[in-house]
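A.B. asks: Encoded as structure tokens, here's the structure I'll be asking about.
Protein chains: 2
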Amino acid sequence: MMKKHNFGAGPCILPPSVFEKAAESVLNFEESGLSILEISHRSEAFVSVFESARSLVLELMELSPNSHTVLFLHGGASLQFSMVPENFLTRAAAYANTGVWSQKAIEEAKKVGIVDILYDGSIDGYKKTPDLKLLKESLQSGHDYLHLTTNNTIYGTQYPSFESFPKPLVVDMSSDIFSCQRSYETFDLIYAGAQKNIGPAGTTLVVIKNEFLEQLSPRIKFSLLDYQKHIKAESMYNTPSVFAVYTSLLNLKWLKAQGLSEIARRNSEKATLLYEAIDHSDLFEGFADKKNRSQMNITFTIANSSVAKRFESLCEEAGIVGIKGHRLVGGYRASMYNALSKESVETLVEVIKYTESNA
Amino acid sequence: MMKKHNFGAGPCILPPSVFEKAAESVLNFEESGLSILEISHRSEAFVSVFESARSLVLELMELSPNSHTVLFLHGGASLQFSMVPENFLTRAAAYANTGVWSQKAIEEAKKVGIVDILYDGSIDGYKKTPDLKLLKESLQSGHDYLHLTTNNTIYGTQYPSFESFPKPLVVDMSSDIFSCQRSYETFDLIYAGAQKNIGPAGTTLVVIKNEFLEQLSPRIKFSLLDYQKHIKAESMYNTPSVFAVYTSLLNLKWLKAQGLSEIARRNSEKATLLYEAIDHSDLFEGFADKKNRSQMNITFTIANSSVAKRFESLCEEAGIVGIKGHRLVGGYRASMYNALSKESVETLVEVIKYTESNA
Chain A
11 MMKKHNFGAG PCILPPSVFE KAAESVLNFE ESGLSILEIS HRSEAFVSVF
61 ESARSLVLEL MELSPNSHTV LFLHGGASLQ FSMVPENFLT RAAAYANTGV
111 WSQKAIEEAK KVGIVDILYD GSIDGYKKTP DLKLLKESLQ SGHDYLHLTT
161 NNTIYGTQYP SFESFPKPLV VDMSSDIFSC QRSYETFDLI YAGAQKNIGP
211 AGTTLVVIKN EFLEQLSPRI KFSLLDYQKH IKAESMYNTP SVFAVYTSLL
261 NLKWLKAQGL SEIARRNSEK ATLLYEAIDH SDLFEGFADK KNRSQMNITF
311 TIANSSVAKR FESLCEEAGI VGIKGHRLVG GYRASMYNAL SKESVETLVE
361 VIKYTESNA
Chain B
11 MMKKHNFGAG PCILPPSVFE KAAESVLNFE ESGLSILEIS HRSEAFVSVF
61 ESARSLVLEL MELSPNSHTV LFLHGGASLQ FSMVPENFLT RAAAYANTGV
111 WSQKAIEEAK KVGIVDILYD GSIDGYKKTP DLKLLKESLQ SGHDYLHLTT
161 NNTIYGTQYP SFESFPKPLV VDMSSDIFSC QRSYETFDLI YAGAQKNIGP
211 AGTTLVVIKN EFLEQLSPRI KFSLLDYQKH IKAESMYNTP SVFAVYTSLL
261 NLKWLKAQGL SEIARRNSEK ATLLYEAIDH SDLFEGFADK KNRSQMNITF
311 TIANSSVAKR FESLCEEAGI VGIKGHRLVG GYRASMYNAL SKESVETLVE
361 VIKYTESNA
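Here the protein sequences line up with chains A and B, keeping their order.
Residue 13 in this note's numbering is what sits at position 3 of the first sequence, and the numbering runs on without skipping anything.
Residue 21 in this note's numbering is what sits at position 11 of the second sequence, and the numbering runs on without skipping anything.
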């Protein structure tokens, strides 16, 4: 079968070695004679998987277990849209609206309390991310936290960098976690659905600075929405997504073996390859503003519909899948998560160049 | 490697053919050239998996898609403890307390409104389930619903049967769903964490009678806790647990191929084998009342601690795993979910008889 180049936006590609080891574990988990699917989450073997995954997350982020707590929860990043305000919004919270996922986070926060939208990206069609200095100036003493979405999959924008804020910084890092080098200590709470650069769909990573927990709201309603309950239960308040957590551990080990600096270098190289091809083309046009372009999700369009059709069939012939843009933006989106090879990007660049030269 | 007899309480054993096909899908999902872990949940292939799983659930329950709606959600049965009252408790709700999981459901419901506990099993150590006739008599016109836990894993009790109630009947069927023949139309809402007789941990099945939805509370706070939102989004409000749902489909197909009547016959045969061995023994003693004994989780003790030690080492020698009782009950618990073979039960019975005859 022809090799597939999977540019899908997520659940997305993971390294082949992770797929192999995960498949093996479904038949025989670490030589136990049992499937990973039939072991108790309270078994010694799985508790050790869980602990390794949590400590590898901190290691990759260069954070200490004394200052930060790691959870693997249910519910996807979408449940975090509710959990963050339920746990931390007591007066008012500041949000930046940089796209669909920010908006969803804002909607849920509004159900808890006052939400101040310090930046509204809808004004210029979500083509950029806000200026951090302006955000900082808009923060007020009554804000419990500032919430940002680090990368916007649908529009293909990404904050180029982060810095400390006078208020706790909460980030939805679902689509670019572990894809570049960051000072993770800048953030007070990081959450990320696993299904991009962490592991399979079905678990959500949450990393909380312990200091931030001092701001916990006293009125959290349900146990499953209560960070403190999850922390006390060491992230096993109820049965976790055993397979998703184990496969995440396999991928975290792969990440460590590569090193985040090497991962960052590769992602930058892949993004440069594709952006250069788009920028040098007269037919293809990038969607996002250059200074806020995402290295994970590259959005572009083709104005000429017959060229577009030709491009699509060439992609199909080359084994390129998952490149259709989100309906809100149209055109194309090449998602280039950590495990996507340079070869896949080169294949796409060739197709772009071939489309261009034969138009 | 010696065959393992996995009597674990869950996540638990699934049929070997399900493990094999699930492992295969991690490498190459239905000849797509892609892993099940890297496909979009919006892809045609996965949407079809999802639809098949939902319609197989209804088929196995002999329910119509016109009268019932099936969801696969995040959060485990524990999130349902909150979602049920959040969506349906407007005046008062009736609960029967038959053990730890009922209690947890009661705790969460109390955060929403008035909870009337019609039966409190703690009085006699959770050795039985309530009489349905007495429950019916205690129900009041102001009750929005009655909540029952069909099988209690920790204590090893199970309702021997169900009947219609004058109020909507909500059941936590996590540990005995699809294990016996039931008139599923008796229930207005069924929920079950997948990790026993459905599939791997990481997804939760919810089946709602559409009529019951007319009773929905108007004040549901968060989107992810709102059944109506999940129904509108056809259970894809956010990225589902793709692998867990796919593996559940594999298991549902296996269930259909066996037939629920055959599954019920086997489970009854397995339970009879083990209960007879316990009842005929002078050393082993069953925990639950005979008329409310569970066919899924068989709890028993050994008074003599040196015999107990000998029994444990014989179990280990025979490859029997997961038989330790819950700390609240002590002793032993043999969980005998659908995929556990009669051979495994016979092995355990042999060990019991051998322990008995060599004491």
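In this text, a Cβ means the ideal position worked out from N, Cα and C, and glycines have one as well.
Please identify, using Cβ separations under 8 Å, the residues of the stretch 238-252 of chain A that lie next to chain B, in order along the chain.
C.D. replies: Those residues of the stretch 238-252 of chain A that come within reach of chain B (Cβ to Cβ, closer than 8 Å) are Tyr247, Asn248, Thr249, Pro250, Ser251, Val252.
A.B. asks: Could you check the C-alpha separation between Val204/A and Val216/B for me, to the nearest Å?
C.D. replies: Here residue 204/A is taken as the residue at index 194 of the first sequence, counted from 1. Here residue 216/B is taken as the residue at index 206 of the second sequence, counted from 1. Looking at the sequence itself, residue 204/A is Ala, so the reference to Val does not match. Taking the straight line joining both Cα atoms gives about 23 Å.
A.B. asks: In chain order, what residues of the same chain lie with their CB nearer than 6 Å to the CB of Gly152/B, ignoring the 5 residues before and after it?
C.D. replies: Position 142 of the second sequence, counted from the first residue, corresponds to residue 152/B. Same-chain partners within the cutoff: Arg101, Ala102.
A.B. asks: Please determine, among Ile164/B, Ala211/B, Asp292/B, the residue with the shortest C-alpha to C-alpha distance to Tyr342/B.
C.D. replies: The sequence position of residue 342/B within the second sequence is 332, counting from 1. Measuring from the Cα of Tyr342/B, the nearest candidate turns out to be Ile164/B.
A.B. asks: List, in chain order, every chain B residue whose beta-carbon is nearer than 9 Å to that of Gly18/A.
C.D. replies: Here residue 18/A refers to the residue found at position 8 when the first sequence is read from its first residue. Result: Leu44, Glu48, Ile49, Ser50, Ser53.
A.B. asks: Between the C-alpha atoms of Leu99/B and Pro178/B, what's the straight-line distance to the nearest angstrom?
C.D. replies: Working through the second sequence from its first residue, we reach residue 99/B at position 89. Working through the second sequence from its first residue, we reach residue 178/B at position 168. Taking the straight line from one Cα to the other gives about 11 Å.
A.B. asks: At the 8 Å Cβ level, is His336/B part of the contact set with chain A, yes or no?
C.D. replies: Taking the second sequence and counting its residues from 1, one reaches residue 336/B at position 326. Not closer than 8 Å to any Cβ of chain A, the Cβ of His336/B fails to qualify, so no.
A.B. asks: May I ask you to report which of helix, strand or coil DSSP gives Asp182/A?
C.D. replies: One-based indexing of the first sequence puts residue 182/A at position 172. Asp182/A falls in the strand class under three-state DSSP.
A.B. asks: With the cut-off set at 8 Å, would you say Gly18/A and Ser345/A are in Cβ contact?
C.D. replies: One-based indexing of the first sequence puts residue 18/A at position 8. One-based indexing of the first sequence puts residue 345/A at position 335. A contact, by the Cβ cut-off of 8 Å.
A.B. asks: Work out the CA separation of Val252/B and Gly86/A for me, nearest whole Å.
C.D. replies: Your numbering for residue 86/A matches position 76 in the first sequence. Your numbering for residue 252/B matches position 242 in the second sequence. Spanning the two alpha carbons is a distance of roughly 12 Å.
A.B. asks: What's the call for Asn368/B, buried or exposed, on a 16-neighbour Cβ count within 10 Å?
C.D. replies: Numbered from its first residue, the second sequence carries residue 368/B at position 358. The residue in question, Asn368/B, is exposed, as its Cβ has fewer than 16 Cβ neighbours within 10 Å.
A.B. asks: Using a C-beta to C-beta distance shorter than 7 Å, which residues of chain A count as neighbours of Gln205/B?
C.D. replies: For the purposes of this step, residue 205/B is taken as the residue at position 195 of the second sequence. Neighbours of Gln205/B on chain A, chain order: Thr249.
A.B. asks: State the start and end residues of the unbroken beta strand (DSSP E) segment that holds Arg380/B.
C.D. replies: This structure cannot settle anything about residue 380/B, because the visible part of chain B is limited to 11 through 369.
A.B. asks: Rounded to a whole number of angstroms, what is the C-alpha to C-alpha distance between Leu235/B and Val67/B?
C.D. replies: Taking the second sequence and counting its residues from 1, the one referred to as residue 235/B is at position 225. Taking the second sequence and counting its residues from 1, the one referred to as residue 67/B is at position 57. Spanning the two alpha carbons is a distance of roughly 22 Å.
A.B. asks: At the level of alpha carbons, what is the spacing between Ala104/A and Lys137/B?
C.D. replies: Here residue 104/A refers to the residue found at position 94 of the first sequence. Here residue 137/B refers to the residue found at position 127 of the second sequence. Near 52 Å, if we compare the C-alpha coordinates of Lys137/B and Ala104/A.
A.B. asks: Which residues, taken in chain order from the stretch 318-350 of chain B, show a beta carbon closer than 9 Å to some beta carbon of chain A?
C.D. replies: If the cut-off is 9 Å between Cβ atoms, the stretch 318-350 of chain B has Gly329, Val331, Gly332, Ala349 near chain A.
A.B. asks: How long is the line joining the alpha carbons of Glu69/A and Thr160/A, rounded to whole angstroms?
C.D. replies: As a first step, residue 69/A is located in the first sequence; it is residue number 59 there, counting from the start. As a first step, residue 160/A is located in the first sequence; it is residue number 150 there, counting from the start. Those two C-alpha atoms are separated by around 21 Å.
A.B. asks: Is Val339/A helix, strand or coil when you go by DSSP?
C.D. replies: By 1-based counting over the first sequence, the position of residue 339/A is 329. Coil.
A.B. asks: Quick check: the Cα distance between Glu322/A and Leu293/A, rounded to an integer number of angstroms?
C.D. replies: In the first sequence, counting from the first residue as 1, residue 322/A sits at position 312. In the first sequence, counting from the first residue as 1, residue 293/A sits at position 283. Computed Cα separation, rounded: 14 Å.
A.B. asks: Would you check if the distance between the CB atom of Ser245/A and the CB atom of Leu81/A is smaller than 8 Å?
C.D. replies: On the first sequence, position 235 is the one that residue 245/A refers to. On the first sequence, position 71 is the one that residue 81/A refers to. Yes, Cβ-Cβ distance for Ser245/A and Leu81/A is below 8 Å.
A.B. asks: Taking any Cβ of chain B, which residues in the stretch 254-265 of chain A have a Cβ under 8 Å from it, in chain order?
C.D. replies: Here the close residues are Ala254, Thr257.
A.B. asks: In terms of DSSP beta bridges, what is Arg320/A paired with?
C.D. replies: If you number the first sequence from 1, residue 320/A lands on position 310. Per DSSP, none; premise fails for Arg320/A.
A.B. asks: Which class does Ser171/B belong to by DSSP, given the choice of helix, strand or coil?
C.D. replies: Within the second sequence, residue 171/B is the residue found at index 161, counting from 1. Reduced to three states, the DSSP call for Ser171/B is coil.
A.B. asks: For Asn307/B, which residues does DSSP report across the bridge?
C.D. replies: To locate residue 307/B, count along the second sequence from 1; it is residue 297. The partner list for Asn307/B (beta bridge, DSSP) reads Ser345/B.
A.B. asks: Does DSSP put Val122/B in a helix, a strand or coil?
C.D. replies: By 1-based counting over the second sequence, the position of residue 122/B is 112. In this structure, Val122/B counts as coil in the three-state DSSP scheme.
A.B. asks: When you compare each of Leu283/A, Gly340/A, Leu265/A to Asn348/A by their alpha carbons, which one comes out closest?
C.D. replies: Position 338 of the first sequence holds residue 348/A. The residue with the shortest Cα to Cα distance from Asn348/A is Leu265/A.
A.B. asks: Start and end of the alpha helix (DSSP H) containing Ala254/A?
C.D. replies: Here the question's residue 254/A lines up with position 244 in the first sequence. Taken as a continuous stretch (DSSP letters only), the alpha helix (DSSP H) holding Ala254/A covers 252-268.
A.B. asks: Does Cys190/A get closer than 8 Å to chain B when you measure Cβ to Cβ?
C.D. replies: Numbered from its first residue, the first sequence carries residue 190/A at position 180. With 8 Å as the cut-off, Cys190/A does not count as an interface residue toward chain B.
A.B. asks: Which residues in chain B sit within 9 Å of Ser92/A, going by Cβ to Cβ distance?
C.D. replies: If you number the first sequence from 1, residue 92/A lands on position 82. In chain order: Lys231, Phe232, Ser233, Leu234, Leu235.
A.B. asks: Below 8 Å on the Cβ atoms is my guess for Val255/A versus Thr213/A; work out the distance and round it to an integer in Å.
C.D. replies: Start at 1 with the first residue of the first sequence, and residue 255/A comes out as number 245. Start at 1 with the first residue of the first sequence, and residue 213/A comes out as number 203. Contact flag correct, Cβ pair sits at about 5 Å.
A.B. asks: Answer with yes or no whether the minimum CB distance from Ala119/B to chain A is below 8 Å.
C.D. replies: Taking the first residue of the second sequence as 1, we reach residue 119/B at position 109. Answer no: the Cβ-Cβ gap between Ala119/B and chain A never drops below 8 Å.
A.B. asks: Using a Cβ cut-off of 8 Å (strictly closer), state whether Val361/B contacts chain E.
C.D. replies: Absent from the structure is chain E; the protein chains it does hold are A and B.
A.B. asks: Which of helix, strand or coil does DSSP assign to Leu24/B?
C.D. replies: The residue you call residue 24/B lines up with position 14 of the second sequence. Coil at Leu24/B, not helix or strand.
A.B. asks: With distance defined between alpha-carbon atoms, name the residue in Ala298/B, Leu223/B, Thr365/B nearest to Ser315/B.
C.D. replies: Mapped onto the second sequence, residue 315/B falls at position 305. Among Ala298/B, Leu223/B, Thr365/B, the Cα nearest to that of Ser315/B is on Thr365/B.
A.B. asks: At a Cβ threshold of 8 Å, is Phe98/B touching chain A?
C.D. replies: On the second sequence, residue 98/B is found 88 positions in, with the first residue counted as 1. Answer no: the Cβ-Cβ gap between Phe98/B and chain A never drops below 8 Å.
A.B. asks: Could you check how far apart the C-beta atoms of Tyr237/A and Asn97/A are, in whole angstroms? I think they sit under 8 Å.
C.D. replies: By 1-based counting over the first sequence, the position of residue 237/A is 227. By 1-based counting over the first sequence, the position of residue 97/A is 87. Correct: roughly 5 Å between the Cβ atoms.
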